[in-house]
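Heads up: the protein sequence lines correspond to chains A and B, in order. Counting from 1, one number per residue, gives the positions in the first sequence under the working numbering. Counting from 1001, one number per residue, gives the positions in the second sequence under the working numbering. Using N, Cα and C, we set each Cβ at its ideal position, and we do this for glycine too.
Number of protein chains: 2
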Amino acid sequence: MNPSSASQDQCSLDETHDPQARSWLASANRSGEFPIQNLPFAIFRRRGSSETFRGGVAIGDQIVDLAALAARDVFQEQAAQGIRAGALTSLNTLMQLGPEVANALRRGLFAGLLEGSRLQGALEACLVPQRDAQYSLPAQIGDYTDFYTSIHHATAVGRMMRPDHPLMPNYQWIPIGYHGRVSSIGVSGQTFHRPRGQKLPAGTTQPVMAAAERMDYELELGVFVGRGNDPGAPIAMAQAEAHIFGLCLLNDWSARDIQGWEYQPLGPFLGKNFATTVSPWIVGIEALAPFRAPAFARPAGDPQPMVYLDDEANRNAGAIDMQLEVLLLTQQMRAAGEAPTRLSSSNFKDSYWTVAQMVAHHTVGGCDLNAGDLFGSGTMSGPGKDQYGSLLELSWGGKNTLMLPNGETRTFLQDGDSVILRAHCQREGYARVGFGDCAGTLLPAIP
Amino acid sequence: MNPSSASQDQCSLDETHDPQARSWLASANRSGEFPIQNLPFAIFRRRGSSETFRGGVAIGDQIVDLAALAARDVFQEQAAQGIRAGALTSLNTLMQLGPEVANALRRGLFAGLLEGSRLQGALEACLVPQRDAQYSLPAQIGDYTDFYTSIHHATAVGRMMRPDHPLMPNYQWIPIGYHGRVSSIGVSGQTFHRPRGQKLPAGTTQPVMAAAERMDYELELGVFVGRGNDPGAPIAMAQAEAHIFGLCLLNDWSARDIQGWEYQPLGPFLGKNFATTVSPWIVGIEALAPFRAPAFARPAGDPQPMVYLDDEANRNAGAIDMQLEVLLLTQQMRAAGEAPTRLSSSNFKDSYWTVAQMVAHHTVGGCDLNAGDLFGSGTMSGPGKDQYGSLLELSWGGKNTLMLPNGETRTFLQDGDSVILRAHCQREGYARVGFGDCAGTLLPAIP
Chain A
1 MNPSSASQDQ CSLDETHDPQ ARSWLASANR SGEFPIQNLP FAIFRRRGSS ETFRGGVAIG
61 DQIVDLAALA ARDVFQEQAA QGIRAGALTS LNTLMQLGPE VANALRRGLF AGLLEGSRLQ
121 GALEACLVPQ RDAQYSLPAQ IGDYTDFYTS IHHATAVGRM MRPDHPLMPN YQWIPIGYHG
181 RVSSIGVSGQ TFHRPRGQKL PAGTTQPVMA AAERMDYELE LGVFVGRGND PGAPIAMAQA
241 EAHIFGLCLL NDWSARDIQG WEYQPLGPFL GKNFATTVSP WIVGIEALAP FRAPAFARPA
301 GDPQPMVYLD DEANRNAGAI DMQLEVLLLT QQMRAAGEAP TRLSSSNFKD SYWTVAQMVA
361 HHTVGGCDLN AGDLFGSGTM SGPGKDQYGS LLELSWGGKN TLMLPNGETR TFLQDGDSVI
421 LRAHCQREGY ARVGFGDCAG TLLPAIP
Chain B
1001 MNPSSASQDQ CSLDETHDPQ ARSWLASANR SGEFPIQNLP FAIFRRRGSS ETFRGGVAIG
1061 DQIVDLAALA ARDVFQEQAA QGIRAGALTS LNTLMQLGPE VANALRRGLF AGLLEGSRLQ
1121 GALEACLVPQ RDAQYSLPAQ IGDYTDFYTS IHHATAVGRM MRPDHPLMPN YQWIPIGYHG
1181 RVSSIGVSGQ TFHRPRGQKL PAGTTQPVMA AAERMDYELE LGVFVGRGND PGAPIAMAQA
1241 EAHIFGLCLL NDWSARDIQG WEYQPLGPFL GKNFATTVSP WIVGIEALAP FRAPAFARPA
1301 GDPQPMVYLD DEANRNAGAI DMQLEVLLLT QQMRAAGEAP TRLSSSNFKD SYWTVAQMVA
1361 HHTVGGCDLN AGDLFGSGTM SGPGKDQYGS LLELSWGGKN TLMLPNGETR TFLQDGDSVI
1421 LRAHCQREGY ARVGFGDCAG TLLPAIP
C-alpha cells in the first residue's frame, strides 16, 4: 500500500466499521465509548503499581494490554509488528510505522475481539479493567503546535478587541498556528496551580504581578502525528492524512489576563505554558471513517483555499462530524456529590480548516514533523452562542455572568474547578465512537 | 554546595580562571578559542565513522573524548560522575546533574590538562583532533524558547513598522519570548532549502504562494538549561543561573516575507520553523565568570524590573561581556577562495534582559524547564548601525543595499550564502574564551 492509497483509505469503510459487529466482551456491545468499531490506543499501567507503562487498546470497559499480547505471539506480520511496537512505553514507534501497520493492527484486534473468534482465550488473558488503569502521555511529544482553526472562535475573540474588523486579513488564507510548550502537557487528571504573572489592570499603564484572575479553558481537538515527513519535504494534501495517527481531546488552559499583556508582538507565552491537558485515548484516524464530512462551506466572498491547501477529497470529506462538549465540576458540586454541568457543545465539522490542511500548511516551508508530534485544533467554537469553546466567549470577556444549576456563578474559573471535555461521533447506521474524558483541575495559586 | 551558593559561584573566580595556567597541550596555549580556561562541551564522533556519538571537551585544537576517559576511570567522585554522564550520546544527563557536578568536572579536567599533571598520559590517550570531528546537537532539546532581549533590535524593527511608537508598552516590563520549533534545530554546518510559503506582495490584498525572497539570519546567543525546576515551581533570581548549563551561538533563520503575513495574532510560525542553527560547543556558565558585567543600565524614565526579575547580583553582574559577530560567505566568494566578510558585530552585554531574568520570567507561572531545553536570546543588535544583528535591520527592511568587498550586493540572503556567527570573551588579565563557529548555508528552494 503506498501512501496515496493509504490516504484514500482514511475515508473508506471496511469490516471494522460494520455496525452489526459484536464482541465476545459484553461491555463492548453496550452503548458506550469503546465498541469494537473504535479500538483507540493509550499508554497505561495498573494504578498504584510500579509496572512499566505500555500500550493498550480500549474495548468496552477493558484494556487489551499490548505488552501481554506481544508476549503471546498470536498475530502475524504487520499486525504482530504493530503489537510489538504498541507494547513499548510510548506509542511513538507504532506511530512512525504508519497507517499500513496501524490498520493491520486494527483489523487484527477487531477479528480477535469479534464474537466467535478463536483468539478469545488469548485476548481475555490480556485484559485489564479500565477502572484499574493509570495513564501517562501516549507519546513522547517532540513538538506541539496549536492552531486556530475555528473561524467562529477567531471572530468572537476578535470582535471583543476589534469590533469593526474582528478577523485578521490572513485568517481565511492561512491555517494560523503557533508553537506551544511541550513540557507542561499532561494527561487527563492533570492538576496545576493558578499561575502568577504580569498583567495590566484595566485603565492603568503599569502592570502588576499577581495570580491570574481570568483563568479559562479551551475546548480543542488534539491530533497526533504518525509517520514523519522526509527531512525538509512538504507533505501534499493527498498524503496528509497518511501522516496522522489519530485524534484525542485537548484543553489549552489559558490565563487571559497574563496572555493579554504579554502576547504582542510574538504571541502567547506564559498565558498558556503552565498546563495543557490531553485525553489518554487516541482514536485512530481509521475509526473515524464513517463520520467524515465536507470541509467547511465557505460563504460567498471568502477566498478559496490556495492550491497547496486544496483537493477534492478534502472538499468532499476533509472534516469530521464529531460532537464536543465542555462540562464543569466545581468544588461545591463535588462536595455535594453532584454531576458536572454542561457549559457548551460544538462540532469539529464547523472548523474552517481541516486536519489535512494543518499538515499541508505546517510542512509547506520544509518544517519537519516527527511521530508523536501534537497539534491542537484551536478552540472549537460553533456558530451559536451556546457553542462557544471557552469562558472568554461564554462570558463575553467577563461581562456576562454564567449561572450554574446549583446557584453558583462564573465568569472565569475558580480554584477547585474541574473542566471535563468529552467527544463522540455518531451517525445513523454506524456504531457510536467515543473519546473518553479529558479532565483537569485548577488548584489555588502557590502562596 | 546548595543551589544558592552554586549561583553565587557563577560570578566567582577560582584556579580554573588563572590566565597564567598553561596546558601540556601546546595548541591550548596559543591564542585561540579553546584555552585551558574554557573547556566547553560538545557531542561528537569521528567524521565518516559509524562510531557512537559521545561527549567531548575542547582543548586547543583537540577534543577530550569523555567516553574514552570514562573507560580509563582516572577521576574520583563528582568529576567521575560528570565524565560518565558526559560519555553518553547527549549531554542531558550531565546537564541535569547541575552545577556541582559540572564544576567538579571542569576542575578535574583543568587539573589533568595543566602542565605537569600526572594525568597527562591518560588524557593524551583520549584526544581526538577537532579537524576529524563530526558534531551532533549537544542535547535532546525538549523545548526551545526564543526571547527578544535586545531593545536595540526591538526598537529598530518596531520603528520600521510603527515609527511613532516603535516599542510595545510591555517591552520594558517583560522579557518577551515565544515557543519555537525544536524539530528543525540543527548543528553548525546545517543546510536547508529556501522555504516556500504564503506572503503578501506589497500594495496588494491577496497573498501568493512562492519561495521566500526576504531571507534573513538572526545573530543570537543560545542558552542551554541545566537542572530543571521542580514541577510547577518558579525559580527565583538568586537560583536562576544554577539552572543554566552554558551558552552557545544560535542563528534564528527567518523568512521575513512569510513571517510578515502570518504572524498576527499568534506570533511567528512558518517564517521561522524551517531551520535554526546552533554552534556545537557549549561554553559553561562557569567559564564566563571573568566576563560578567552589570545588567543593562536603564535610561531615566524606563521602569525598573519587577521584584521577581531583580536582585543585586543581577544588577551588578547579570550581563556577560561577549563580543559577537556575523560573517557572510557568498557562493562567489567561496568559488574565489575568499574569506568570509564581516557584516556586523555587537555585544551581549547590551541585552536589555539577562539570562537570569529569562529563567525567572519563564518559570514564574509554573512552566517546567528540563535539562537540555534551549533559549535563544533574540537578535543581539547593539545601539549602533554597524551593530545590527540581522539583514532586516542592516538593509532597513530591504531599502538599503549592502556593498560587499568583492563587489556583490545584498539586501537579503541569496542562494548559496553561508552565514557564520562567532563570539568570544576577552578582558585584560584573563584568557580569551571563544565559542567556535555557528555556520549554516541557504540552498535554493525545492523546485
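Legend entry - Whole-angstrom distance between A:Arg422 and A:Leu324, CA atom to CA atom: As a working note, residue 324 of chain A is residue 324 in the first sequence. As a working note, residue 422 of chain A is residue 422 in the first sequence. Whole-angstrom Cα-Cα distance: 6 Å.
Legend entry - Local conformation of A:Ala423 per DSSP, three classes: One-based indexing of the first sequence puts residue 423 of chain A at position 423. In the structure shown, A:Ala423 sits in a strand (DSSP, three-state: E or B).
Inset, instruction - Indicate whether at least one CB of chain B lies closer than 8 Å to the CB of A:Ser279. - result: The residue you call residue 279 of chain A lines up with position 279 of the first sequence. With 8 Å as the cut-off, A:Ser279 does not count as an interface residue toward chain B.
Inset, instruction - Mind the definition here: the segment 1176-1184 of chain B touches the segment 210-219 of chain A only if three or more C-beta pairs lie below 8 Å; say whether that holds. - result: With a cut-off of 8 Å, the segment 210-219 of chain A and the segment 1176-1184 of chain B do not count as touching, because too few Cβ pairs lie within range.
Legend entry - Start and end residues, beta strand (DSSP E) containing B:Val1364: In the second sequence, residue 1364 of chain B corresponds to position 364, counting from 1. Segment: none, B:Val1364 is in no beta strand (DSSP E) and carries neither H nor E.
Legend entry - Span of the alpha helix (DSSP H), counted from its first residue to its last, around A:Asn29: Looking up residue 29 of chain A in the first sequence gives position 29. Segment Ala26 to Asn29, the alpha helix (DSSP H) holding A:Asn29.
Legend entry - Proximal residues to B:Arg1046 (C-beta, below 8 Å), its chain only, five neighbours per side dropped: Taking the first residue of the second sequence as position 1, residue 1046 of chain B is located at position 46. Cβ neighbours of B:Arg1046 beyond the five flanking positions: Val1128, Asp1132, Ala1133 and Gln1134.
Legend entry - Contact with chain B by A:Ile244, beta-carbon distance below 8 Å: Walking along the first sequence from the start, residue 244 of chain A turns up at place 244. Judged by the 8 Å Cβ criterion, A:Ile244 is not in contact with chain B.
Legend entry - Short CB-CB distance (under 8 Å) between A:Ser183 and chain B: Locating residue 183 of chain A in the first sequence gives position 183, counting from the first residue. By this cut-off, A:Ser183 is an interface position.
Legend entry - Chain-ordered residues of the segment 350-373 of chain A with a beta carbon less than 8 Å from chain B: Answer set for the segment 350-373 of chain A: His361, His362, Val364, Gly365, Gly366, Cys367, Asp368, Leu369, Asn370 and Asp373.
Inset, instruction - Name, going along the chain, the residues of the segment 1160-1174 of chain B whose beta-carbon falls closer than 8 Å to a beta-carbon of chain A. - result: Within the segment 1160-1174 of chain B, the qualifying residues are Met1168, Pro1169, Asn1170, Trp1173 and Ile1174.
Inset, instruction - Tell me whether A:Ser7 is buried or exposed, calling it buried when 16 or more other Cβ atoms sit within 10 Å of its Cβ. - result: As a working mapping, residue 7 of chain A is identified with position 7 in the first sequence. A caution first: A:Ser7 carries a pLDDT of 41, below 50, which makes its placement in the model too unreliable to give a value.
Inset, instruction - Could you spell out the range, first to last residue, of the alpha helix (DSSP H) harbouring B:Met1095? - result: The sequence position of residue 1095 of chain B within the second sequence is 95, counting from 1. Asn1092 to Gln1096 is the extent of the alpha helix (DSSP H) around B:Met1095.
Legend entry - Cβ-based contacts, 7 Å cut-off: residues of the segment 191-204 of chain A near chain B: Within the segment 191-204 of chain A, the qualifying residues are Phe192, His193, Pro195, Arg196, Gly197 and Gln198.
Legend entry - A:His243 burial status per 10 Å Cβ neighbour count (16 or more: buried): Within the first sequence, numbered from 1, the residue matching residue 243 of chain A stands at position 243. The residue is buried, with at least 16 neighbouring Cβ atoms inside 10 Å.
Inset, instruction - Determine, using beta carbons only, whether B:Arg1194 and B:Ala1212 come nearer to each other than 8 Å. - result: Position 194 of the second sequence holds residue 1194 of chain B. Position 212 of the second sequence holds residue 1212 of chain B. In this structure, B:Ala1212 lies closer than 8 Å to B:Arg1194 by Cβ.
Legend entry - Local conformation of A:Pro129 per DSSP, three classes: Within the first sequence, the letter at position 129 stands for residue 129 of chain A. Correct three-state label for A:Pro129: strand.
Inset, instruction - In the DSSP assignment, find the unbroken beta strand (DSSP E) run with B:Asp1146 in it and report its ends. - result: What you label residue 1146 of chain B is simply residue 146 of the second sequence in a count that begins at 1. Its beta strand (DSSP E) spans residues Tyr1144 to Phe1147.
Inset, instruction - With a threshold of 16 other CB atoms inside 10 Å of the CB of B:Ala1085, please say whether the residue is buried or exposed. - result: By 1-based counting over the second sequence, the position of residue 1085 of chain B is 85. It is buried - the Cβ of B:Ala1085 has at least 16 other Cβ atoms within 10 Å.
Inset, instruction - Determine, using beta carbons only, whether A:Pro449 comes closer than 8 Å to chain B. - result: It is not possible to answer for residue 449 of chain A, since the shown part of chain A is limited to 1 through 447.
Legend entry - Bridge-paired residues (DSSP) for B:Thr1341: Numbered from 1 along the second sequence, position 341 holds the residue referred to as residue 1341 of chain B. As a beta-bridge residue in DSSP terms, B:Thr1341 pairs with B:Leu1328.
Inset, instruction - Please name the residue or residues paired with A:Lys199 in a DSSP beta bridge. - result: One-based indexing of the first sequence puts residue 199 of chain A at position 199. BP columns for A:Lys199 point to A:Val208.
Inset, instruction - Let me know if A:Ser5 comes out buried or exposed under the rule of 16 or more other beta-carbons within 10 Å of its beta-carbon. - result: By 1-based counting over the first sequence, the position of residue 5 of chain A is 5. Interpretation of A:Ser5 is limited by its pLDDT of 39, a score under 50 that renders its predicted location unreliable; no figure is taken from the coordinates.
Legend entry - Residue range of the unbroken alpha helix (DSSP H) whose run includes A:Arg72: Mapped onto the first sequence, residue 72 of chain A falls at position 72. Per DSSP, the unbroken alpha helix (DSSP H) holding A:Arg72 starts and ends at Leu66 to Arg72.
Legend entry - B:Asn1316, enclosing alpha helix (DSSP H) - first and last residue: Residue 1316 of chain B sits at position 316 when you count from the first residue of the second sequence. Counting along the chain, the alpha helix (DSSP H) containing B:Asn1316 begins and ends at Glu1312 to Ala1317.
Legend entry - Outcome for A:Ala339 when other beta-carbon atoms lying within 10 angstroms are tallied against a minimum of 16: Position 339 of the first sequence, counting from 1, holds the residue named residue 339 of chain A. Exposed: under 16 other Cβ atoms inside 10 Å.
Inset, instruction - Starting from A:Glu220, trace the beta strand (DSSP E) both ways and give me its first and last residue. - result: Residue mapping note: residue 220 of chain A aligns to position 220 of the first sequence, counting from 1. In the DSSP assignment, A:Glu220 falls within the unbroken beta strand (DSSP E) covering Leu219 to Val225.
Inset, instruction - Note down, in chain order, each residue of its chain lying with its Cβ closer than 8 Å to the Cβ of B:Ser1254, except the 5 sequence neighbours on either side. - result: Locating residue 1254 of chain B in the second sequence gives position 254, counting from the first residue. The residues Met1215, Asp1216, Tyr1217, Glu1218, Pro1268, Gly1271, Lys1272, Ser1390 and Leu1392, in chain order, have a CB closer than 8 Å to that of B:Ser1254 in the same chain once the five nearest residues on each side in sequence are set aside.
Inset, instruction - Please work out which residues of its chain come closer than 6 Å, Cβ to Cβ, to A:Leu413, disregarding the five sequence neighbours upstream and downstream, and give them in chain order. - result: What you label residue 413 of chain A is simply residue 413 of the first sequence in a count that begins at 1. Within the same chain, A:Leu413 has close Cβ partners Met215 and Leu442.
Inset, instruction - Below 7 Å CB to CB, which residues in the same chain sit around B:Gly1382 once its five sequence neighbours on both sides are set aside? - result: If you number the second sequence from 1, residue 1382 of chain B lands on position 382. Contacts found: His1152, Ser1346, Asn1347 and Asp1350.
Inset, instruction - Please say whether A:Ala431 and A:Pro40 have beta carbons closer to each other than 8 Å? - result: Within the first sequence, residue 40 of chain A is the residue found at index 40, counting from 1. Within the first sequence, residue 431 of chain A is the residue found at index 431, counting from 1. No, the Cβ-Cβ distance between A:Pro40 and A:Ala431 is not below 8 Å.
Inset, instruction - Identify whether A:Gly398 lies in helix, strand or coil by the three-state DSSP scheme. - result: The residue you call residue 398 of chain A lines up with position 398 of the first sequence. If DSSP states are grouped into helix, strand and coil, A:Gly398 belongs with coil.
Inset, instruction - Would you list the one or two residues that DSSP bridges to A:Val283? - result: Translated into the one-based positions of the first sequence, residue 283 of chain A becomes position 283. A:Leu247, per the DSSP bridge assignment.
Legend entry - 8 Å contact criterion, which A:Gly177 and B:Gly1197 should meet: CB distance rounded: By one-based count along the first sequence, residue 177 of chain A stands at place 177. By one-based count along the second sequence, residue 1197 of chain B stands at place 197. About 13 Å separates the Cβ atoms of A:Gly177 and B:Gly1197, ruling out a contact at the 8 Å cut-off.
Legend entry - Buried or exposed by the 16-neighbour rule on C-beta atoms within 10 Å, applied to A:Thr204: Here residue 204 of chain A corresponds to residue number 204 of the first sequence, with the count starting at 1. With fewer than 16 Cβ atoms within 10 Å of its Cβ, A:Thr204 is classed as exposed.
Inset, instruction - Kindly indicate which residue of A:Leu221, A:Gln130, A:Asn29 and A:Ser31 has the alpha-carbon position closest to the one of A:Thr354. - result: Position 354 of the first sequence, counted from the first residue, corresponds to residue 354 of chain A. Closest option to A:Thr354, Cα to Cα, is A:Leu221.
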